[in-house]
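> One structure, pasted below without further comment.
Residue numbers (UniProt numbering): 1 to 146.
Written out as structure tokens, the structure is:
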């Protein structure tokens, strides 16, 4: 990783990780340790939280594509060592919250993903990315007439 070229973003655009993409890793414990360290690092680097959430879905049977994506996150971290949480004493105290959702983002389960972040002034104070517990398939809903 010392000679690796830094990556400009945590995950490649349009990358969708799936359960059966690539061959199984011979030593899955290495992948699990890396993802657990990325989860810990995510407490001070919210910009990797979505990527790490995606990687953590494959701890049971990680594959080469998941390992490659995890290494991409490491390359991103290598290129952004000064990025992290910053609390400014001169920023005005305004509370702003933003949210986003991706409907049926996960190709394997068709579950949606939701995320939010909350800023106090220019400082990020809370964030979360989560799989929704249920995917609504509106095509299977019976038609009802009023």
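Cβ coordinates follow ideal geometry from the N, Cα and C atoms, glycine included.
In terms of DSSP beta bridges, what is residue 118 paired with?
97 and 126
> Report buried or exposed for residue 63, applying the criterion of at least 16 other Cβ atoms within 10 angstroms of its Cβ.
buried
> Could you check if residue 60 is buried or exposed, using at least 16 other CB atoms within 10 Å of its CB as the buried criterion?
Burial is judged here by how many other beta carbons sit within 10 angstroms of a residue's own beta carbon; residue 60 has fewer than 16 and is exposed.
> Count the CB pairs spanning the stretch 64-72 and the stretch 14-33 that are closer than 8 Å, and state whether there are at least three.
yes
> Nearest to residue 3 by alpha carbon, out of 79, 123 and 93?
79
> Going by the beta-carbon positions, is the gap between residue 98 and residue 76 smaller than 8 Å?
no
> Kindly indicate which residue of 101, 103, 95 and 110 has the alpha-carbon position closest to the one of residue 160.
Any answer about residue 160 is impossible in this case: the structure gives the chain only from 1 up to 146.
> Within 10 Å of its beta-carbon, does residue 48 have 16 or more other beta-carbons around it, so buried, or fewer, so exposed?
buried
> Provide the residue(s) that pair with residue 24 in DSSP beta bridges, ordered along the chain.
Answer is 63, bridged to residue 24.
> State the start and end residues of the unbroken alpha helix (DSSP H) segment that holds residue 54.
Looking at the DSSP string, the run of the alpha helix (DSSP H) that includes residue 54 is 49-55.
> Is residue 10 buried or exposed, if buried means 16 or more other CB atoms sit within 10 Å of its CB?
Counting other Cβ atoms within 10 Å of its Cβ, residue 10 reaches 16 or more and is therefore classed as buried.
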